[in-house]
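Student: This is the structure, below, for whatever I ask next.
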Amino acid sequence: MRTSTPSFSNLIKNPLATIITLLAISLLLLFLPPKFSNRIKMTCVAPIRPLQWATCFCSNSASNFFDKVISSWQETHGKKDLEQQVLQFKNKLVEQQDTIYKLENKLRILSRLPAENKIIKKNSIPADIIGYDASNFRKSIIINVGTKHGIKTNNIVISDNALIGKVTSVSGSNSVVQLITDPASRIPGRVVQTREQVILEGDGTVFCKLKYVPRWAKLKKGDDIVTSDIGGFYPVSLPVATVVENETKSGALFQSVKVLPRVNISKMESVLVILN
Amino acid sequence: MRWFTFFCILFSISLFQSTMMHWVNLGSAVPDLYFPLVVFYSFLADAKRNTIANWFTGLSKDLFSEGSFGINSVFFVAVGFFIWSFREILFRGHLVTQILITFIFSVIYNVLYTIHVSISFHSLRLSTTLWIIFICSSYTAMIVPVLFWIFNKFQPTQKLFFNQG
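In order, the protein sequence lines correspond to chains A and B. Just so we're aligned, residue 1 is where the first sequence starts under my numbering, counting upward by one. Just so we're aligned, residue 1 is where the second sequence starts under my numbering, counting upward by one.
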């Protein structure tokens, strides 16, 4: 008597078996620890990165070309550079203002603490953006530096002297940067003008929000948010965002504050990675 | 169904989505090029091919986006299978049907995805998120005619119907 066992090819011909198998694989991938899943992702996408870089480079070049054509048509050569310089100076000003506040405070309490570390200028690597997140609700970028250049997970990424995110996964020659606008991003911050401690949280849009701002905090439009030294993860006094809107709802424990990142993330082309 | 063509289309979509799509953004919303591909194969391929194609599409989106690896494959397989199951009652060759189905299921997919993100991070605002879902889905539905025309050129629908037997 011959007994027939279902072969793999017969099994795969059954649509239901295919669906169950693929869903099982997906669920297996879903429950992998982030460390492994990130490694799988980076390995799978590594061969495509050069092509991604080339496409991004071409699109950026085309965009720059059109920008130049438009700007020459409007007879405002160099306007963009000047705007960028102004933005950088403004961010510097915020940083300086924050340092002044700190120094005043230090003088007041007559403490002799060491001067602020300016680690940003040292140990930093410039990087080009070679890709963006494919999802509408997550915010990350891919940059063309990786472990070969000394990049590690959790390195801080800045642009125009302002914080834009941190490195979440690294491969040989590229890394994924989680932006401050990503829903998973949480940054300890401080309001420069009122000295309130806040948590800056991404919400998947171009804006971020501030959490745990007390009702009595006197925030107003245009107030600046910088990184605070709480947690010791981010460099101190890095400009992050500006308050755009704040509202105190009746019955709510905290204010609801909407902030705009200092850097227009959708228009960035290159960033600076700060090595620890 | 030619798998080589499918992977070429998927590769091109991934490349475009991860590099050039931010140039055509509306606020923070960009069109999702993957989703029309899911609808296209759900409309035209048989259950098994549709499932495999959607799984690879989801996996590709997972590879190029931050977050849980495998979540988009689950959603795309589920949405694709659902569309496939009732496609016979639709006039699926008509452009309006294709646009409407893409819009409706894009809304459903985005709602499911944002629920997942909200549960994971508790950081999405309801009103803003709903607005983004609407904009994204409308934007995705708007590009359906162009994308379906391109997909039809590379993967002729007659061939897909023929393969179903």
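Ideal Cβ positions, reconstructed from N, Cα and C, are used throughout, including at glycine.
With residue 161 of chain A and residue 220 of chain A assumed to form a contact (beta carbons below 8 angstroms), what rounded beta-carbon distance in angstroms separates them?
Tutor: Going by Cβ atoms, the distance from residue 161 of chain A to residue 220 of chain A rounds to 23 angstroms, so no, they are not a contact pair.
Student: What residues in its chain sit with their C-beta under 8 angstroms from that of residue 1 of chain A, if we drop five residues either side in the sequence?
Tutor: Confidence at residue 1 of chain A is low in this model, with a pLDDT of 44, below 50, so its placement is unreliable and no value can be given for it.
Student: Give every residue of the same chain whose Cβ lies closer than 8 angstroms to the Cβ of residue 69 of chain A, excluding the five residues on either side of it in the sequence, and list them in chain order.
Tutor: none
Student: Just to make sure I have the definition right: I need the residues of chain B whose C-beta is within less than 7 angstroms of the C-beta of residue 194 of chain A. Which are they?
Tutor: In chain order: nothing, as chain B lies at least about 23 angstroms away.
Student: Look at the alpha carbon of residue 135 of chain B and the alpha carbon of residue 62 of chain A, and state the distance between them as a whole number of angstroms.
Tutor: 26 angstroms
Student: For the beta strand (DSSP E) holding residue 17 of chain B, just list the boundary residues, first then last.
Tutor: Counting along the chain, residue 17 of chain B falls outside any beta strand (DSSP E), though it belongs to the alpha helix (DSSP H) covering 3-19.
Student: Quick one: complete alpha helix (DSSP H) runs, 4+ long, within the segment 11-79 of chain B?
Tutor: 34-44, 47-63
Student: How long is the line joining the alpha carbons of residue 268 of chain A and residue 60 of chain A, rounded to whole angstroms?
Tutor: The alpha-carbon of residue 268 of chain A is positioned some 10 angstroms away from that of residue 60 of chain A.
Student: Out of A:178, A:213, A:177, which one is the CA nearest neighbour of residue 190 of chain A?
Tutor: A:213
Student: Return the residues of the segment 68-95 of chain B that lie within a Cβ-Cβ distance of less than 7 angstroms from chain A, sorted by chain order.
Tutor: 68, 69, 70, 71, 73, 74, 77, 81
Student: Distance, Cα to Cα, residue 135 of chain A vs residue 16 of chain B?
Tutor: 13 angstroms
Student: Please list, in chain order, the residues of the segment 135-151 of chain A that have any C-beta partner in chain B closer than 8 angstroms.
Tutor: 135, 136, 137, 138, 139, 140, 142
Student: With 16 as the cutoff for other CB atoms within 10 Å, does residue 66 of chain A come out buried or exposed?
Tutor: exposed
Student: How is residue 175 of chain A classed by DSSP in three states: helix, strand or coil?
Tutor: strand
Student: Secondary structure at residue 114 of chain B, three-state DSSP: helix, strand or coil?
Tutor: helix
Student: In whole angstroms, what separates the C-alpha of residue 86 of chain A from that of residue 146 of chain A?
Tutor: 31 angstroms
Student: Note down, one range per segment and in chain order, each beta strand (DSSP E) of at least 3 residues found wholly within the segment 163-249 of chain A.
Tutor: 175-179, 186-191, 197-202, 208-214, 224-227, 239-247
Student: Quick check for students: name the residue ranges of the alpha helix (DSSP H) that lie wholly in the segment 46-105 of chain A, counting only runs of 4 or more.
Tutor: 49-73
Student: Quick one, which of B:7, B:51, B:25 has its alpha-carbon nearest residue 292 of chain A's?
Tutor: Residue 292 of chain A is absent from the model: chain A starts at 1 and stops at 276.
Student: Give the secondary structure of residue 255 of chain A by DSSP, where H, G and I count as helix, E and B as strand, and everything else as coil.
Tutor: strand
Student: Out of curiosity, what's the CA-to-CA distance linking residue 206 of chain A and residue 66 of chain B?
Tutor: 16 angstroms
Student: Would you say residue 151 of chain B lies against chain A (beta-carbon separation less than 7 angstroms)?
Tutor: Chain A places no beta carbon closer than 7 angstroms to that of residue 151 of chain B, leaving this residue out of the contacts.
Student: In terms of alpha-carbon separation, which member of A:250, A:217, A:210, A:54 lies closest to residue 240 of chain A?
Tutor: If you compare the alpha carbons of A:250, A:217, A:210, A:54 with that of residue 240 of chain A, the shortest gap goes to A:210.
Student: Per DSSP, what are the beta-bridge partners of residue 285 of chain A in this structure?
Tutor: A question about residue 285 of chain A goes unanswered here, because the residues of chain A that appear run from 1 up to 276.
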